[in-house]
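Written out below as structure tokens is the structure these notes cover.
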Amino acid sequence: MRPPAKPSSPPLPPRDRILQVAQDLFYRHGVKATGVDRVIAEAGVTKVTFYRNFPSKDDLIRAFLQQRHEQWITWFKKRLAISLESQTAANRKKHPLDPLLEVAGEWFNAPSFRGCAFANTVAEVGHSLPSIIEIAQKHKREVQEVIEALLPRDTRSSDIAWAATLALDGAIVNAQFGDASQESSLRILLHLLRALEKNIS
């Protein structure tokens, strides 16, 4: 006798399916290389449904980045918190930026890693779609705030967090070039973070 079939989860609403497909295709292939017709086909929706939810591809790009920001920041905070829990008090005081290095390494080594979706998209279409620059700037500011929360509070913590954010951005770009680049990116990021930690009171 066969066991009862597991109840299937209800299908996602059309808008969510479209965004889910866009998240995958835009990040893997870029926004210019991914046409609306492909998104429609892979999401299994009609053109009418697509354009009812997203009047233009530009609207989809903005929604993609806004959702990406929410998902990535949530993941980033969660992984940093887990790394923080594994730190000893002494190590946390001496190397408060270690969790950032650990989380960066985890991300760079993920099979799905394709760099920063925000930098990639701004490089592709930022000149013709300036509203996405604002979304990217908001993302970077929040990344900085999350990194700053790792540091003891003093007058320099904001500047140190911004410098660490820039160091992370550089490592992200370099890590896109393959395994050896990922290793060198993490090695250089370690040196930069250690240098920044020397400025912490």
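Everything in the sequence shown is counted per the numbering used here, starting at -12 for the first residue and increasing by one.
For glycine and all other residues, C-beta sits at the position ideal for the given N, C-alpha and C.
| field | Counted within 10 angstroms of its Cβ, other Cβ atoms place His16 as buried (16 or more) or exposed | value | Result: exposed.
| task | Excluding the 5 residues preceding and the 5 following Ala20 in the sequence, name in chain order all residues of the same chain whose CB lies nearer than 8 Å to its CB. | result | The beta carbon of Ala20 sits closer than 8 Å to no other beta carbon from its chain once the five residues preceding and following it are set aside.
| field | Per-residue DSSP class, three states only, for Gln131 | value | Secondary structure at Gln131: helix, using DSSP grouped into helix, strand and coil.
| query | Could you give the distance in angstroms between the alpha-carbon of Asp45 and the alpha-carbon of Thr36? | reply | Spanning the two alpha carbons is a distance of roughly 16 Å.
| First and last residue of the uninterrupted alpha helix (DSSP H) at Asn161 | The continuous alpha helix (DSSP H) containing Asn161 extends over residues Ser144 to Ala162.
| message | Is any non-hydrogen atom of the ligand ZN found closer than 8 Å to the C-beta of Pro42, if you look at the structure I gave you? | response | Looking at this structure, you won't find the ligand ZN or any other ligand, since it has none at all.
| field | His178 in three-state terms, based on DSSP | value | The DSSP-derived three-state label of His178 is helix.
| query | Any idea what DSSP makes of His114, helix, strand or coil? | reply | In this structure, DSSP gives His114 a state outside helix and strand, which the three-state scheme calls coil.
| request: Identify whether Gly17 lies in helix, strand or coil by the three-state DSSP scheme. | output: Coil.
| query | Nearest CA to the CA of Phe164: which residue from Gln54, Leu71 and Asn96? | reply | When Gln54, Leu71 and Asn96 are compared, the shortest CA-CA separation from Phe164 is found for Asn96.
| field | Which of helix, strand or coil DSSP assigns to Ile5 | value | Three-state result, Ile5: helix.
| Residue interval of the alpha helix (DSSP H) (run including Pro86) | Annotation: the continuous alpha helix (DSSP H) that includes Pro86 extends over Asp85 to Phe95.
| field | the stretch 44 to 61 contacting the stretch 105 to 118, beta-carbon criterion three pairs below 8 Å | value | Contact holds: three or more Cβ-Cβ distances are below 8 Å.
| request: Decide if Thr108 is buried, meaning its Cβ has at least 16 other Cβ atoms within 10 Å, or exposed. | output: By the 10 Å Cβ count, Thr108 comes out buried.
| message | When you compare the CB of Arg39 with every CB in chain B, is at least one pair closer than 9 Å? | response | In the structure shown, chain B does not exist; there is a single protein chain.
| query | Do the stretch 164 to 181 and the stretch 78 to 91 touch if we need at least three Cβ pairs shorter than 8 Å? | reply | The stretch 164 to 181 vs the stretch 78 to 91: in contact.
| Contact belief for Pro1 with Val23 at Cβ below 8 Å, rounded distance in angstroms | In this structure Pro1 does not touch Val23 by the C-beta definition: roughly 14 Å separates them, more than the 8 Å allowed.
| field | Gln169, buried or exposed, once every other Cβ within 10 Å from all chains shown has been counted against 16 | value | Burial check for Gln169: the Cβ neighbour count within 10 Å reaches 16 or more, so the residue is buried.
| According to DSSP, is Ile60 helix, strand or coil? | In the structure shown, Ile60 sits in a helix (DSSP, three-state: H, G or I).
| query | Does the distance from the C-beta atom of Pro139 to that of Ile187 stay below 9 Å? | reply | A contact, by the Cβ cut-off of 9 Å.
| message | Assuming contact is defined by CB atoms lying nearer than 9 Å, are Asp156 and Ala106 in contact in what I supplied? | response | Closer than 9 Å, so yes.
| How far does the alpha helix (DSSP H) with Arg199 in it reach, from first residue to last? | Residue 199 is absent from the structure shown; the chain starts at -12 and stops at 188.
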